[in-house]
Amino acid sequence: MGIEIERKFLVDHKKWEAADKPEGQKMQQGYIVNEQDRTIRLRIAGDIAYLTFKSGKGISRHEFEYEIPANEATELFRQFVKTGIEKTRYHITYADKLWEVDVFEGDNEGLIVAEIELDNEYEQFELPPWAGQEVSHDGRYYNSSLSVNPFKNW
Numbered sequence: 001m002g003i004e005i006e007r008k009f010l011v012d013h014k015k016w017e018a019a020d021k022p023e024g025q026k027m028q029q030g031y032i033v034n035e036q037d038r039t040i041r042l043r044i045a046g047d048i049a050y051l052t053f054k055s056g057k058g059i060s061r062h063e064f065e066y067e068i069p070a071n072e073a074t075e076l077f078r079q080f081v082k083t084g085i086e087k088t089r090y091h092i093t094y095a096d097k098l099w100e101v102d103v104f105e106g107d108n109e110g111l112i113v114a115e116i117e118l119d120n121e122y123e124q125f126e127l128p129p130w131a132g133q134e135v136s137h138d139g140r141y142y143n144s145s146l147s148v149n150p151f152k153n154w
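In UniProt numbering, the protein residues as written are 1 to 154.
This is the structure we're talking about:
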């Protein structure tokens, strides 16, 4: 993958509830390395799993993601993951752009975040009606941060 350029927005709960949306997919994410400027993440979504390496800060970060067998991911989770999160992800196309909306569960329940991946940091796009305040530069909203300082503690 190389470079991921991603912007994040809080989601208005009432507008989200009223929105037409597809079925979401439950995900479990855990962190093998969870440092301020780099992470190694393990994600299990149904019978598909990924190992992801990220580094950097801000909206442009290096990202390398590899699909791995789900049974191996389950074992890696058991042996190496210390912190994690659970969420349901929805994929929604709005104004010809793909949005990923994460509805968090567990200690992060009540938090809904929308993400959009861009081709460059200055790319223009239209916000969906349920997208609110931008939080791209607030590190608290990184999934890796939520795994150690969950939303319920804010």
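Each residue gets a CB set at the ideal place from its N, CA and C atoms; glycine is no exception.
For residue i, which three-state DSSP category applies?
i, result
"Gly106", "helix"
"Ile99", "The amino acid occupying residue 99 in the given sequence is Trp; Ile does not appear at that position. Trp99 falls in the strand class under three-state DSSP."
"Lys21", "coil"
"Leu111", "coil"
"Asn149", "coil"
CB residue i to CB residue j, shorter than 9 Å?
i, j, result
"Ser136", "Ile85", "no"
"Leu42", "Phe80", "yes"
"Asp102", "Lys87", "yes"
"Lys152", "Glu109", "yes"
"Glu65", "Thr52", "yes"
"residue 155", "Gln28", "Since the first residue of the chain shown is 1 and the last is 154, residue 155 is not available in this structure."
What residues are listed by DSSP as bridge partners for residue i?
i, result
"residue 157", "In this structure the chain extends from 1 to 154, so residue 157 is not present and cannot be described."
"Ile85", "Gln29"
"Lys45", "According to the sequence as given, residue 45 is Ala; it is not Lys. Bridge partners of Ala45: Ile48."
"His91", "Glu100"
"Lys54", "Thr39 and Glu63"
Scan the segment 119–147 and note each continuous beta strand (DSSP E) run of 3 residues or more that stays entirely inside, going in chain order. 131–134
Under 8 Å: do the segment 19–34 and the segment 90–104 share three or more Cβ pairs, one atom per stretch? yes
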